[in-house]
Amino acid sequence: MGSAGGEMSKQALEKSYLLGRAIAERGCVLVTGGCPGLPFAASKGAKDVNGFVIGISPGIDLREHVELYKSPTEYMDVLIFTGSGLMGREVIGVRSCDIIIIVGGRSGTLGEFCIAYDEGKPIGVLVGTGGITERLPDIVESIKKETGSEIIYDDEPYSLVDKTLSVYEKVKNNPRRYDASG
């Protein structure tokens, strides 16, 4: 999950590409918002090593995906049209994943982080990619809510994937522990 637009450094794009490769090389499926920017770079990285990529589109069909949302169709094996708009797509995307990794990010990525956090999912944060990744420690501190989510911070894509997979292996058969009262 990461920035589709706005300011993106060359370093953030490179790390996103390597993240996609790392995910694919570990035999995992990459799920993105099917959008440009950092998720597109990750998709390219995954496809360059024959990974499998699923794009979750906010559009109701291909025309809306491309014309209204200005989103690509390259580097995806499956494109799921939700018709849910940008915010609705976030819930579907996050709930479709076992692990969430945050790269860069603006308001949409923050929303995805919050959904994953409330769901108690393992969350990786690729440090040094700008956007909300720089503010997440303060945000988590101010939330003061135990959800069972474990957050891993790392500035190296391969290491981050390995660490989040390790956390997932420990918790995958455990029921989520979270404060349902919100």
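For what it's worth, the numbering used here labels the leading residue of the sequence shown as 2, then goes sequentially.
Glycine included, every Cβ here is placed at the ideal spot set by N, Cα and C.
Pairwise C-alpha distance: Glu113 and Val92: Using only the alpha carbons, I get a separation of about 7 angstroms.
Unbroken alpha helix (DSSP H) run spanning Phe82, endpoints: Membership of Phe82 in any alpha helix (DSSP H) is not indicated; the residue belongs instead to the beta strand (DSSP E) covering Val79 to Phe82.
Reduced DSSP category for Ser182 - H, G, I as helix; E, B as strand; rest coil: Residue placement at Ser182 cannot be trusted, given a pLDDT of 49 that sits under 50; what the coordinates show is reported in the next sentence. Coil at Ser182, not helix or strand.
Residue burial classification, Lys16 (beta-carbon count within 10 angstroms, cutoff 16): Per the 10 Å Cβ criterion, buried.
Run of the beta strand (DSSP E) containing Thr148, from where it starts to where it stops: That residue, Thr148, is in no beta strand (DSSP E); it is neither H nor E in DSSP.
Cβ-Cβ distance between Gly3 and Ile103 below 8 angstroms: With contacts defined as CB atoms closer than 8 angstroms, Gly3 and Ile103 qualify as a contacting pair.
Test item: CB-CB of Val128 and Glu151 under 8 angstroms: No; because the gap between Cβ atoms is not below 8 angstroms, this pair is not in contact.
Close Cβ partners of Gly86 (< 8 angstroms) along its chain, the five nearest in sequence each way excluded: For Gly86, same chain residues with a beta-carbon under 8 angstroms away, outside a window of 5 residues either side, are Pro59 in chain order.
Cβ-based neighbour list, Gly183, same chain, cut-off 7 angstroms, excluding 5 preceding and 5 following: Its pLDDT being 49, under 50, Gly183 is placed unreliably by the model, and nothing is read from it.
Secondary structure of Tyr18, DSSP reduced to three states: Three-state result, Tyr18: helix.
Endpoints, the beta strand (DSSP E) within which Tyr154 is located: The continuous beta strand (DSSP E) containing Tyr154 extends over residues Ile152 to Asp155.
Of the residues Gly34, Asn174, Gly131 and Tyr118, the one placed nearest Ser72, counting alpha carbons only: Nearest Cα to Ser72 within the set Gly34, Asn174, Gly131 and Tyr118: Gly34.
Simplified DSSP state of Tyr169, which is helix, strand or coil: DSSP places Tyr169 in helix when its eight states are reduced to three.
Close-in-space but distant-in-sequence residues of the same chain around Asp163 (CB under 7 angstroms, 5 per side omitted): Once the five neighbours on either side are set aside, Asp163 has no close Cβ partner at all.
Val54 beta carbon less than 8 angstroms from that of Ser44: Between Ser44 and Val54, the gap from beta carbon to beta carbon is short of 8 angstroms.
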